[in-house]
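**Student:** Residue numbers 0 to 197, in numbering that gives the first Met the number 0, belong to the letters of the sequence shown in order.
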Amino acid sequence: MASPAVEVRRSARRKRMVSARREGDRMVVFIPGWMSDEQERDWVAKMVQRMEASEARRRSPGRTGDEALLTRAQELSSRWLEGRTDPASVRWVPTMRTRWASCTPVDRTIRISERLRDAPGWVVDYVLVHELAHLLSAAHDDVFWSWVYRYPRTERAIGYLEGLNAAASLGITGVDGDPPTAEQDAELPDDRIAATGS
Ligand SMILES: [Zn+2]
C-alpha cells in the first residue's frame, strides 16, 4: 500500500488523547498541542500503522478468522448434530450477492459471507448449523430441517436474517437461496447448493 496522505491537527484544547480517523483518502491524526515535534512524529507513525492494520484486517479476514470458524463449526456439529459432520474447510468469503453461505457436500467445504461478520454469534451459529446439515442432507428436505431445528435458536435466527435482508434490501432468500420452511422447499431445484466457484 502506498504511504497515505496524513494530515496532523494540533489542538490546544485536546489534553491527553491522540486519535486518528480517515477522511476520504487522507488520514487525519489529532494531537494535543503540548506535544513536542518528536512525540508528534512517533504518534503519527503509530496511528497510521494502527489504522492501516485495522483496515487491512477489515478488508481480508486472516487465517485466524477461518480457523476460528472451523473450530466453531466442529463444536456446533458435536453439540447439535451428534458430531456426524466433519467439514473439510469453513471459511469467510467476500460478500455473495444472493446468499449468506454455501456448502459443497462433495468436498465438504463451507463458505460464509463476510456480510455476517458483524452479525451476532448465535446467528452465525445458525448459518453454520444450516450449512453443516447440508453435509447430512444436500436438499432442503424434511431430514435436513429436522437436523437444523436441533439448534434451538433456528427460528429466531431465520427471523433475524429476514430482518437484515429486508433492512438492507439485499434480496437474499433463506440462507443459501432456500426458503426458510421445508414445505416450500420441495418445489425448488436442487442446484442451489452448488459451489460458488474457486
Ligand atoms: Zn441451505
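All C-beta atoms in this analysis are idealised placements derived from N, C-alpha and C, irrespective of residue type, glycine included.
Is the Cβ-Cβ distance between Phe201 and Ala19 less than 8 Å?
**Tutor:** Here the chain comprises residues numbered 0 to 197, so residue 201 is not present and cannot be evaluated.
**Student:** In whole angstroms, give me the CA-to-CA distance for Glu54 and Gln48.
**Tutor:** In the sequence shown, the residue the question calls residue 54 occupies position 55. In the sequence shown, the residue the question calls residue 48 occupies position 49. One C-alpha to the other measures close to 10 Å.
**Student:** Does the Cβ of Trp33 have 16 or more other Cβ atoms within 10 Å, making it buried, or fewer, making it exposed?
**Tutor:** Taking the sequence shown and counting its residues from 1, one reaches residue 33 at position 34. Answer is exposed; the Cβ neighbour count stays below 16.
**Student:** Do Trp42 and Val17 have their CB atoms nearer than 8 Å?
**Tutor:** Mapped onto the sequence shown, residue 42 falls at position 43. Mapped onto the sequence shown, residue 17 falls at position 18. Between Trp42 and Val17, the C-beta gap is smaller than 8 Å, which places the two residues in contact.
**Student:** Three or more C-beta pairs under 8 Å: does that hold for the segment 89 to 106 against the segment 68 to 78?
**Tutor:** yes
**Student:** Quick one, are the C-beta atoms of Val128 and Trp79 less than 8 Å apart?
**Tutor:** Position 129 of the sequence shown, counting from 1, holds the residue named residue 128. Position 80 of the sequence shown, counting from 1, holds the residue named residue 79. Yes; because the gap between Cβ atoms is below 8 Å, this pair is in contact.
**Student:** Can you pull the DSSP bridge partners for Glu113?
**Tutor:** Residue numbering aside, residue 113 sits at position 114 when the sequence shown is read from its first letter. Residue pairing for Glu113: DSSP places it in no beta bridge.
**Student:** Taking only the alpha-carbon atoms, compute the straight-line gap between Ile171 and Val27 and give it to the nearest angstrom.
**Tutor:** Here residue 171 refers to the residue found at position 172 of the sequence shown. Here residue 27 refers to the residue found at position 28 of the sequence shown. Distance between the alpha carbons of Ile171 and Val27: 37 Å.
**Student:** Please look up how many angstroms separate the CB atoms of Arg83 and Leu135, rounded, as I've assumed it's under 8 Å.
**Tutor:** As a first step, residue 83 is located in the sequence shown; it is residue number 84 there, counting from the start. As a first step, residue 135 is located in the sequence shown; it is residue number 136 there, counting from the start. Their Cβ separation, rounded to whole angstroms, is 6 Å, which keeps Arg83 and Leu135 in contact under 8 Å.
**Student:** Between which two residues does the beta strand (DSSP E) harbouring Glu22 extend?
**Tutor:** Taking the sequence shown and counting its residues from 1, one reaches residue 22 at position 23. Unbroken beta strand (DSSP E) run through Glu22: Ser18 to Glu22.
**Student:** Going by beta carbon distance, what residues of the same chain come within less than 6 Å of Val123, once the five residues before and after it are set aside?
**Tutor:** Counted from its first residue, the sequence shown places residue 123 at position 124. Close CB contacts of Val123 within its chain, under the 6 Å cut and outside five residues either way in sequence, are with Leu115 (chain order).
**Student:** How would you write the range of the alpha helix (DSSP H) that Glu6 sits in, first residue to last?
**Tutor:** Here residue 6 is taken as the residue at index 7 of the sequence shown, counted from 1. Where Glu6 is concerned, there is no enclosing alpha helix (DSSP H), although the beta strand (DSSP E) it sits in stretches over Ala4 to Ser10.
**Student:** What does Trp91 pair with, by DSSP beta-bridge criteria?
**Tutor:** Mapped onto the sequence shown, residue 91 falls at position 92. Paired residues: Ile111.
**Student:** Does DSSP put Ile171 in a helix, in a strand, or in coil?
**Tutor:** Locating residue 171 in the sequence shown gives position 172, where the first residue counts as 1. Residue state, collapsed to three classes: coil.
**Student:** Count the other CB atoms, across all protein chains shown, that sit within 10 Å of the CB of Thr94; report buried if there are 16 or more and exposed otherwise.
**Tutor:** If you number the sequence shown from 1, residue 94 lands on position 95. Counting the other Cβ atoms within 10 Å of the Cβ of Thr94 gives fewer than 16, which makes it exposed.
**Student:** Please state whether DSSP places Arg98 in a helix, a strand or coil.
**Tutor:** Numbered from its first residue, the sequence shown carries residue 98 at position 99. DSSP places Arg98 in coil when its eight states are reduced to three.
**Student:** So the candidates are Ser101, Arg40, Leu163 and Pro31; which of them puts its Cα closest to the Cα of Pro119?
**Tutor:** Along the sequence shown, read from residue 1 onward, the residue named residue 119 stands at position 120. It is Leu163.
**Student:** Helix, strand or coil: which one does DSSP assign to Arg71?
**Tutor:** Within the sequence shown, numbered from 1, the residue matching residue 71 stands at position 72. Correct three-state label for Arg71: helix.
**Student:** Based on DSSP bridge pairs, tell me the residues matched to Ser34.
**Tutor:** Within the sequence shown, the letter at position 35 stands for residue 34. Note on identity: in this sequence residue 34 is Met, with Ser being the wrong assignment. Looking at the DSSP assignment, Met34 forms no beta bridge with any residue, so it has no partner.
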